[in-house]
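This report refers to the structure that appears directly beneath it.
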Amino acid sequence: MTTQDTTVGAQPAPIRLRAEGTRWGEVVVKILLALCALVSVATTIGIIIALLEPSIEFFREISVWDFFSGDRWAPLFKPASFGVQPLLVGTFAVTFWACVVALPLGLASAIYLSEYARPRVRRTLKPALEVLAGIPTVVFGFFALTFFTPFLNDLGAGVGTFNVLAAGLVMGVMLIPTVASISEDAMSAVPQELRDGAFGLGATRLQVSTRIVVPAAISGIIASYVLAISRAVGETMIVLIAAGGLAQITFDPREPAQTMTAFIGATGLGDVPTGSIEYKTIFAVGLTLFVITFAMNMISIRLVRKFREVYE
Amino acid sequence: MSVAPAPGPGIGSQPRGAKVRGTLFYVVLLISVSVGFVLLFTLIADVLQKGVAYLDPILFTEPNSTNPDKAGAGPAIRGTIYMMVLLLVMVVPIGVGTAIYLEEYANRERWYNRLLELNIQNLAAVPSIVYGILGLAFLVRGLGLGRVLLAGALILTLLVLPTVIVASREAIRGVPDSIRQGAYALGATQWQVVSRQVLPAAIPGIATGSILALARAIGETAPLLLVGALTYVAVDPTLLGPFTALPVQIYQWIARPQDEFRLLAAAGIIVLLAILLTMNAFAIWLRNRYQRRW
């Protein structure tokens with residue numbers, strides 16, 4: 155007992171687990187990596203500045219009220235008119251027809267992949283469906299204009315050379331993988347116990363799919379829907395090629411229409427003089443587009459997080 | 011994930027209506043899945059049938075022309091190839107660097123790191139034409155770079171950066187922690203662990219993701235329209251010279267009223283799809299050949 159007391163004052167120094175000094179190489183690497191990460195932050199800031207500055211100048215000349223309440227869009231004519239409603243209606247119409255195809259077919263594809271397909275079939279079908287998402291949009295535009303529009307007319311739809319219907323429907327097929335992929339992820343995250351419990355109570359596969367899995371995965375499904383709508387609103391080439399360039403308020407899908415993206419594309423490719431009001435309209439419309447898609451992306455991201463939190 | 015047990019007829023077999031409804035539902039699902047594939051096959055068959063007549067050496071060598079029989083996509087194809095190389099050089103280091111930062115260095119609890127993640131998720135869904143506006147405002151007009159190849163490549167880099175980041179993060183996350191801990195236990199520094207253990211193990215996933223992102227980038231048309239790729243280019247593109255790209259050339263031909271140019275566009279689409287298909291097949295081969303299961 156007494157011998158132990160004598161050792162107390164002479165305890166060995168604790169072993170240092172940290173490095174003796176700062177390793178500067180490690181610090182430099184970390185800074186370089188953080189700089190890489192900053193590129194994406196700079197991109198967002200750049201987008202906001204690029205859109206805001208000319209837009210503010212634009213709204214100094216054209217009041218925000220005139221912009222959103224006006225129903226005639228003719229910025230390149232004399233006298234010019236800057237009512238954005240025709241572009242909004244055109245965007246909405248194309249998006250609507252895309253949704254008519256993409257939302258039900260995407261959900262059904264997800265149910266099939268998650269609940270019905272054998273694992274091997276799913277492993278082949280899922281990447282194959284992704285091929286559809288990898289086709290360039292200019293190709294879909296070509297298809298909508300030169301094949302699908304004449305095809306619709308063969309069916310007796312009586313559509314014009316440029317029309318909302320063909321552009322919207324082809325875009326809808328393009329968006330099926332977007333909806334299917336995210337919805338399928340959400341459905342796969344539903345615990346097997348829920349299905350087993352329902353099967354144990356005598357439910358059919360149809361009942362398990364529609365009354366157990368779909369409600370349990372609903373936040374993921376809605377997230378996929380919101381993302382698909384956001385994509386449809388932001389899609390350019392299909393509408394630029396197949397929907398025509400006539401900015402008009404019409405709900406007849408056989409008519410041509412101009413969307414926000416198609417206007418930006420059609421105006422931006424010409425040599426518009428910097429500082430002119432035509433040049434600034436690109437940014438004002440771009441800002442409107444960005445705000446709409448940004449809001450939808452945020453909703454979608456939130457919903458995806460929700461289903462991840464619940465089951466993972 | 012385990013497979014759902016088959017809902018066999020079993021003890022209390024279901025009423026007849028349920029069976030009919032179940033079969034009907036199954037048929038509806040099958041039809042829904044096949045719609046995409048039917049369109050894909052129709053599209054490919056249609057493009058092949060229209061474009062095959064114009065698939066000749068002229069298409070690959072000659073510049074565009076007002077005479078459809080003499081018009082080619084030579085400068086456009088070479089512009090696309092140059093842009094691919096530039097993209098690869100820019101997007102892979104930045105994307106992988108960001109992924110390493112987020113996965114290996116960033117503290118998830120910090121607000122700025124969470125904001126960074128949210129920012130990348132949002133950027134992935136920003137319409138591509140908005141990137142075109144960014145290019146128009148900053149690169150073409152702001153920096154005074156003009157409508158040049160470098161501006162196009164930079165914009166496409168920013169456009170597919172989120173895709174590369176997401177794919178690289180997944181690959182890095184797939185490397186099990188035991189490997190990192192083993193290396194740390196032997197006295198490796200953090201960068202030694204990342205550069206000699208984690209990165210080599212994650213390379214197949216990163217390569218696959220990067221190739222797929224590249225494939226997406228070279229099919230993009232809309233942002234390039236805004237940075238001025240829609241011009242007549244007779245000479246081969248240079249870094250700081252005017253340029254055009256294959257999808258833009260295709261769009262230009264589609265926009266012409268004459269039918270011959272539509273057929274020429276179809277021929278261009280065949281070339282574009284062939285390039286993309288090769289890249290996709292290569293990516294899938296890479297994944298299957300080198301991917302490790304831990």
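In order, the protein sequences belong to chains A and B.
The opening position of the first sequence corresponds to residue 155 in my numbering, with each subsequent residue numbered one higher.
The opening position of the second sequence corresponds to residue 11 in my numbering, with each subsequent residue numbered one higher.
From the three backbone atoms N, C-alpha and C, an ideal C-beta is built for every residue, glycine too.
Just so it is clear, the structure is predicted and the values come from calculations on it, not from any experiment.
Candidates the options: closest to residue i by CA position
i                         : options                                : result
glycine 219 of chain B    : B/Gly192, B/Ile175, B/Asp56, B/Pro252  : B/Ile175
alanine 225 of chain B    : B/Phe253, B/Pro210, B/Pro257           : B/Pro257
valine 102 of chain B     : B/Tyr141, B/Pro172, B/Glu127, B/Pro267 : B/Pro172
valine 393 of chain A     : A/Val439, A/Ala252, A/Asn307           : A/Ala252
proline 137 of chain B    : A/Lys460, A/Leu443, A/Ala321, A/Arg456 : A/Leu443
valine 318 of chain A     : A/Asp308, A/Val327, A/Thr303, A/Thr332 : A/Thr303
arginine 151 of chain B   : B/Leu249, B/Val237, B/Ala277, B/Val30  : B/Val237
arginine 158 of chain B   : B/Thr254, B/Trp263, B/Ala284           : The sequence shown places valine at residue 158 of chain B, rather than the arginine named in the question. Out of B/Thr254, B/Trp263, B/Ala284, B/Thr254 has the C-alpha closest to the C-alpha of valine 158 of chain B.
isoleucine 199 of chain A : B/Val140, B/Gln262, B/Leu160, B/Tyr261 : B/Val140
alanine 340 of chain A    : A/Val367, A/Leu348, A/Arg226, A/Val380 : A/Val367
isoleucine 87 of chain B  : B/Val170, B/Ile228, B/Leu250, B/Tyr36  : B/Ile228
lysine 232 of chain A     : A/Leu457, A/Ala438, A/Met450, A/Ile431 : A/Ile431
isoleucine 453 of chain A : B/Met289, B/Asn132, B/Phe51, B/Ala28   : B/Asn132
arginine 177 of chain B   : B/Ala217, B/Thr288, B/Thr90            : Correcting the residue type first, residue 177 of chain B is alanine in the shown sequence and not arginine. Among B/Ala217, B/Thr288, B/Thr90, the Cα nearest to that of alanine 177 of chain B is on B/Ala217.
glutamate 473 of chain A  : A/Gly429, A/Phe461, A/Pro290, A/Phe353 : Outside the displayed span of chain A (155 to 466) sits residue 473 of chain A, for which this structure offers no information.
DSSP three-state assignment for residue i, whether helix, strand or coil
i                        : result
threonine 390 of chain A : coil
glutamate 270 of chain B : helix
valine 168 of chain A    : As written in the sequence, residue 168 of chain A is proline, which differs from the valine given in the question. Of the three classes helix, strand and coil, the one that applies to proline 168 of chain A here is coil, per DSSP.
asparagine 77 of chain B : coil
proline 345 of chain A   : coil
glutamine 191 of chain B : helix
glutamine 301 of chain B : coil
glutamate 180 of chain B : helix
glutamate 113 of chain B : helix
glycine 300 of chain A   : Just to set this straight, residue 300 of chain A is threonine in the shown sequence, not glycine. Threonine 300 of chain A: helix per DSSP, three-state reduction.
tyrosine 379 of chain A  : helix
leucine 50 of chain B    : helix
glycine 310 of chain A   : coil
threonine 313 of chain B : Residue numbering for chain B in the displayed model covers 11 to 304; residue 313 of chain B lies beyond these limits and cannot be assessed.
leucine 58 of chain B    : helix
aspartate 350 of chain A : helix
threonine 254 of chain B : coil
Buried versus exposed call for residue i [16 or more other C-beta atoms within 10 Å across all chains shown]
i                         : result
tyrosine 92 of chain B    : buried
glutamine 158 of chain A  : For glutamine 158 of chain A, the predicted model reports a pLDDT of 48, less than 50, meaning its position is unreliable; a value from the coordinates is still stated below. That one is exposed.
isoleucine 48 of chain B  : Here the sequence assigns valine to residue 48 of chain B, which means isoleucine is not the residue at that position. Counting Cβ neighbours within 10 Å, valine 48 of chain B comes out exposed, since fewer than 16 surround it.
leucine 329 of chain A    : buried
tyrosine 64 of chain B    : buried
lysine 80 of chain B      : exposed
methionine 11 of chain B  : Reliability fails at methionine 11 of chain B, whose pLDDT of 45 lies under 50, so the model's placement of it is uncertain and no value is given.
isoleucine 110 of chain B : buried
alanine 284 of chain B    : exposed
glycine 424 of chain A    : exposed
arginine 170 of chain A   : exposed
Sequence-distant residues of its chain with Cβ nearer than 8 Å to residue i (five each side left out)
i                            : result
phenylalanine 405 of chain A : Val243, Ala247
valine 293 of chain A        : none
tryptophan 227 of chain A    : Ser235, Phe236, Gly237, Val238, Gln239, Pro240, Leu241, Ala401, Gln412, Phe417
Interface residues of chain C facing residue i [CB-CB closer than 7 Å]
i                         : result
isoleucine 279 of chain B : The displayed structure is made up of protein chains A and B, and chain C is not among them.
Contacts around residue i, its chain only, beta-carbon distance under 6 Å, and the 5 residues preceding and following it disregarded
i                         : result
alanine 211 of chain B    : Val185
glycine 310 of chain A    : none
glycine 399 of chain A    : Gln412, Ala420
isoleucine 276 of chain A : This sequence places arginine at residue 276 of chain A; isoleucine is not what is there. Only Leu267 meet the Cβ criterion.
isoleucine 68 of chain B  : Gly82
glutamine 207 of chain B  : Ile189, Ala193
leucine 249 of chain B    : Leu159, Leu160
alanine 256 of chain A    : Gly326, Leu329, Ile330, Val333, Ala382
Own chain partners of residue i with C-beta closer than 7 Å, once the 5 adjacent residues on each side are dropped
i                            : result
leucine 235 of chain B       : Gly142, Val258
serine 75 of chain B         : Ala81
phenylalanine 292 of chain B : Ile221
proline 214 of chain B       : Leu296, Arg297, Tyr300, Gln301
Distance cut-off 7 Å: residue i Cβ against heavy atoms of the ligand ATP
i                     : result
valine 380 of chain A : No copy of the ligand ATP appears in this structure; indeed no ligand is present at all.
Query - Sequence ranges, alpha helix (DSSP H) only - wholly within the segment 217-291 of chain A, length at least 4 - result: Fully enclosed alpha helix (DSSP H) runs of 4 or longer: 218-223, 239-265, 273-288.
Report task. May I have a chain-ordered list of the alpha helix (DSSP H) segments no shorter than 4 residues that lie completely inside the segment 398-461 of chain A? Result -> 414-422, all fully within the segment 398-461 of chain A.
Report task. Let me know the alpha helix (DSSP H) ranges lying completely inside the segment 194-228 of chain B, each 4 residues or longer, listed in chain order. Result -> Taking only runs of at least 4 residues, the alpha helix (DSSP H) segments lying wholly in the segment 194-228 of chain B are 200-203, 209-228.
Report task. Pick out the complete alpha helix (DSSP H) segments inside the segment 119-183 of chain B, 4 residues or longer, and give them in chain order. Result -> The segment 119-183 of chain B contains, as complete alpha helix (DSSP H) runs of 4+ residues, the segments 121-133, 138-144, 159-183 (chain order).
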